[in-house]
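Input: a single structure, listed below in structure tokens.
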Amino acid sequence: MLSAERGAATNTLESYRRDLDGYLGHLARNGRDARNATAEDIRSWLMAMSTAGMAASTAARRLSAIRQFHKFLYTEGRRADDPTATIDSPRQGRTLPKILSEDEVSLMLEVTHSDETPAGLRMTALLEMLYATGMRVSELVQLPLSAVARDQDFIVVRGKGAKERLVPLTGKARDAIAAWKAVRDKFLAKGADSKWLFPSNGKEGHLTRQRFGQMLKELAVLSGISPSKVSPHVLRHAFASHLLAHGADLRAVQQMLGHADISTTQIYTHVLNERLVRLVGEKHPLARK
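Residue numbers for the sequence shown follow the numbering used here, beginning at 330 and rising by one.
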């Protein structure tokens with residue numbers, strides 16, 4: 330159902346599979362299965378995760394998968410009830426996203442722009458595109474070459490659930506793409522061809538998100554920034570937060586990020602509120618009186 334009806338990505342399907350395996354394994358150890366599990370069985374499973382030291386956010390995400398599973402069983406007539414209906418999610422604090430400052434992003438861009446080797450031009454294109462568009466890392470590394478076949482102000486991004494959205498490109502990002510395309514063939518085996526913008530000779534045929542994450546951390550070290558602060562998702566957060574800080578419309582940012590619900594995007598306004606409170610506390614002449 331997740332694959333056929335919702336068009337869930339491979340990584341999403343694998344995540345659901347792991348969550349279901351863990352849940353069904355817990356039921357089996359207690360002589361139960363999905364068709365006769367009770368609300369008490371689900372509470373027992375949540376308690377086992379808490380006892381094992383699992384973060385409340387992780388347990389809540391796993392419970393969300395199990396809720397959808399039992400809802401599926403109910404709507405398909407495999408069960409007469411939904412045992413998750415009376416289950417409360419584990420309490421968790423609202424975690425604000427980690428972001429980089431504008432100066433830190435500018436420093437990383439400056440460092441990578443100074444490297445004019447083919448590898449450097451690839452990194453520049455990746456970083457400029459990520460910061461210009463706020464794409465998910467999987468969307469970025471899986472961009473087809475056809476997406477940038479012409480010098481254009483927008484590209485079409487294929488996101489979660491196979492939904493497509495238009496995302497604008499900055500002039501610097503377009504320049505970086507053009508420079509990368511001029512040397513792209515150096516990353517292909519002799520005589521080989523590839524449909525991907527960022528090809529690789531690995532089994533996936535394109536640069537992997539794991540390898541790009543490593544490359545970002547290496548760039549962070551060269552830029553004098555702690556690598557623990559840097560990841561593709563942190564740059565996605567930086568894109569959204571920096572746009573909002575400069576007056577961008579929340580709905581526009583939602584569309585560019587590909588968020589289905591604006592409440593997901595609103596967390597970035599909390600980041601800005603935290604900054605404003607800190608700014609007043611540190612800079613206002615009456616704050617310490």
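The beta-carbon is built from N, C-alpha and C at its ideal position, and this holds for glycine as well. Just so we're clear, the structure is a prediction, and the values are computed from it rather than from any experiment.
Query, Result
"8 angstroms Cβ cutoff met for Leu-474 and Lys-524", "yes"
"Identified DSSP bridge partners for His-535", "Pro-528"
"Val-434 burial status per 10 Å Cβ neighbour count (16 or more: buried)", "buried"
"With 16 other Cβ atoms within 10 Å as the buried cut-off, status of Glu-457", "buried"
"Residue range of the unbroken alpha helix (DSSP H) whose run includes Phe-483", "Here Phe-483 belongs to no alpha helix (DSSP H); instead the beta strand (DSSP E) covers 483 to 487."
"Distance, Ile-484 Cα to Asn-365 Cα", "49 angstroms"
"Whole-angstrom C-beta distance between His-535 and Val-466, which should lie under 8 angstroms", "Their Cβ separation, rounded to whole angstroms, is 12 angstroms, which puts Val-466 and His-535 out of contact at 8 angstroms."
"Bridge partners - Lys-493, DSSP secondary structure assignment", "The identity of residue 493 in the sequence shown is Glu, whereas the question assumes Lys. BP columns for Glu-493 point to Arg-487."
"Reduced DSSP category for Pro-473 - H, G, I as helix; E, B as strand; rest coil", "strand"
"Assigned secondary structure, Thr-462 (DSSP; H/G/I helix, E/B strand, else coil)", "helix"
"Local conformation of Met-383 per DSSP, three classes", "coil"
"Met-452 vs Leu-564 beta-carbon contact at 8 angstroms", "no"
"Exposed unless 16 or more other CB atoms sit within 10 angstroms - verdict on Ile-428", "buried"
"8 angstroms Cβ shell around Thr-441 - same chain, five flanking residues per side excluded", "Gly-449, Met-452, Thr-453, Leu-456 and Leu-548"
"Beta-carbon separation (whole angstroms), Leu-586 vs Leu-579, contact threshold 8 angstroms", "With a Cβ gap of about 11 angstroms, Leu-586 and Leu-579 do not count as contacting."
"Under 8 angstroms between C-beta atoms of Asp-480 and Ala-505", "no"
"Spatial distance of Leu-495 from Thr-537 (CA atoms)", "23 angstroms"
"Top-ranked residue by Cα proximity to Arg-513, from Asn-530, Pro-497, Lys-501 and Gly-500", "Asn-530"
"Proximity of Pro-412 and His-399 at Cβ, strictly below 8 angstroms", "yes"
"Proximity to Gly-500 [Cα-Cα], best of Glu-493, Ala-491, Leu-472 and Thr-462", "Thr-462"
"Among Ala-476, Ala-511, Lys-489 and Trp-509, the one whose alpha carbon lies nearest that of Pro-497", "Ala-476"
"Given Gly-553 as reference, the closest of Asp-362, Leu-469 and Leu-436 once Cα atoms are compared", "Leu-436"
"Cβ-Cβ distance between Ala-389 and Tyr-345 below 8 angstroms", "no"
"Local Cβ density within 10 Å of Ile-591, reported as buried at 16 or more and exposed below that", "exposed"
"Closest Cα partner of Ser-555 within the set Asp-417, Ser-430 and Ile-371", "Ser-430"
"Tyr-403 versus Asp-362: straight-line alpha-carbon distance, rounded", "15 angstroms"
"Distance between Gly-488 and Arg-335 (C-alpha atoms, nearest Å)", "12 angstroms"
"Cutoff 8 angstroms; reference Gly-542; Cβ partners in own chain excluding five residues on either side", "Val-466, Ser-560 and Pro-561"
"Residue environment, Ser-570, which counts as buried when at least 16 other CB atoms sit within 10 Å", "buried"
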